[in-house]
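One structure is given below, encoded as structure tokens.
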Amino acid sequence: MDTILVIDNEAATRDVILEILTLGNFNAITAGSGQQGIHLAQQHLPSLILCDIMMPDLDGYEVLCAIRQEPSTASIPFVFLTARSLRSDQRQGMELGADDYLTKPFTGAELLSTVTAQLDKRAKIQHQAVEQSSQISALQQQVKELYMLSEHKEKLLENLSQGLRAPLANIQMALKMLEGCSSEQRDRYLEILKNECSREIVLVNQVTELRELLTSENVRLLKTLDLLK
Numbered sequence: 001m002d003t004i005l006v007i008d009n010e011a012a013t014r015d016v017i018l019e020i021l022t023l024g025n026f027n028a029i030t031a032g033s034g035q036q037g038i039h040l041a042q043q044h045l046p047s048l049i050l051c052d053i054m055m056p057d058l059d060g061y062e063v064l065c066a067i068r069q070e071p072s073t074a075s076i077p078f079v080f081l082t083a084r085s086l087r088s089d090q091r092q093g094m095e096l097g098a099d100d101y102l103t104k105p106f107t108g109a110e111l112l113s114t115v116t117a118q119l120d121k122r123a124k125i126q127h128q129a130v131e132q133s134s135q136i137s138a139l140q141q142q143v144k145e146l147y148m149l150s151e152h153k154e155k156l157l158e159n160l161s162q163g164l165r166a167p168l169a170n171i172q173m174a175l176k177m178l179e180g181c182s183s184e185q186r187d188r189y190l191e192i193l194k195n196e197c198s199r200e201i202v203l204v205n206q207v208t209e210l211r212e213l214l215t216s217e218n219v220r221l222l223k224t225l226d227l228l229k
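Each residue of the sequence shown is one higher than the one before, starting from 1 at the first, in full-length UniProt numbering.
This is how it looks when you write it as structure tokens:
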């Protein structure tokens, strides 16, 4: 259940708003002064704050500034309750970081509509933040894998190059030795050829696996990250 903090120095107004919010299935807490409201906001971290502008100790603008300056409360939706409907007053509040205005007198439906709209907006922003965080984590994992691929690429290619040369040299030698040799020697050199051909097949398979790893998408990302020269 969402918690709504109501800050208003008039007890009658607080009571009416509290009743409306309770009937709307919200958990409401109230503060009779700006200073008390700031304290309760930091203590309870409500889902939304409804705050009157004209109050004796700290006015609504000062409360808003304090709320926005504290990291733990800076992102809480903040709605002004005011009997003043001048655009200059609204502009001042918006410039300080208010999310909306509700002009007194207002109906219960108007209050609940404003509260619901702000909570829905906050939920969408939080959902987008979670999605972006997931996308960033996935990208970081992909970058990590590409770094690992890049680090091993040169070593793997060097080993494959050296590995391919050795069997080829042995095959060439065995073929040369087959010329004019006895049947017993021929069988031994044929065994050498067989073994070296098997080594060649293994190395060719490794080259194929490397080629599958270096897909066009991975190569493009590696080039973008300046990892593939």
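All residues carry an ideal CB built from backbone N, CA and C; glycine is no exception.
Presumed contact (8 angstroms Cβ cut-off) between residue i and residue j, rounded CB distance
i, j, result
"L18", "D52", "With 8 angstroms as the limit, L18 and D52 do not qualify as a contact, their Cβ atoms being about 14 angstroms apart."
"D100", "Q118", "6 angstroms"
One or two residues paired with residue i in a DSSP bridge
i, result
"Y101", "F80"
"N27", "T3"
"I136", "Paired residue(s): none; I136 is not in a bridge."
"D52", "L81"
Assigned exposure category for residue i - 16 Cβ within 10 Å defines buried
i, result
"R14", "buried"
"Q141", "exposed"
"V115", "buried"
"D120", "exposed"
"I20", "buried"
"P56", "exposed"
"A12", "exposed"
"A109", "exposed"
"A98", "buried"
"P105", "exposed"
beta-carbon residue i near the ligand MN non-hydrogen atom, thresh 7 angstroms
i, result
"R122", "With respect to the ligand MN, the structure offers nothing, as it holds no ligand at all."
Beta-carbon contacts of residue i that lie in its chain and below 6 angstroms, excluding the five residues immediately before and after
i, result
"L50", "V6, V79 and L81"
"M1", "N27"
"R122", "P77"
Cβ-based neighbour list, residue i, same chain, cut-off 7 angstroms, excluding 5 preceding and 5 following
i, result
"residue 230", "Residue 230 lies beyond the stretch modelled for the chain, which goes from 1 to 229, so this question has no answer here."
"T73", "A41, Q42, L45 and I67"
"V63", "I7, G34, G37, I38 and C51"
Contacts around residue i, its chain only, beta-carbon distance under 8 angstroms, and the 5 residues preceding and following it disregarded
i, result
"I4", "L21, F26, N27, A28, I29, P46, S47, L48, I49, L50 and V115"
"L102", "L50, V79, F80, L81, T82, E110, L111 and T114"
"Y61", "I53, Q92, G93 and L96"
**Q.** contact_flag[the region 93-102, the region 26-34] where n(CB pairs < 8 angstroms) is 3 or more
**A.** no
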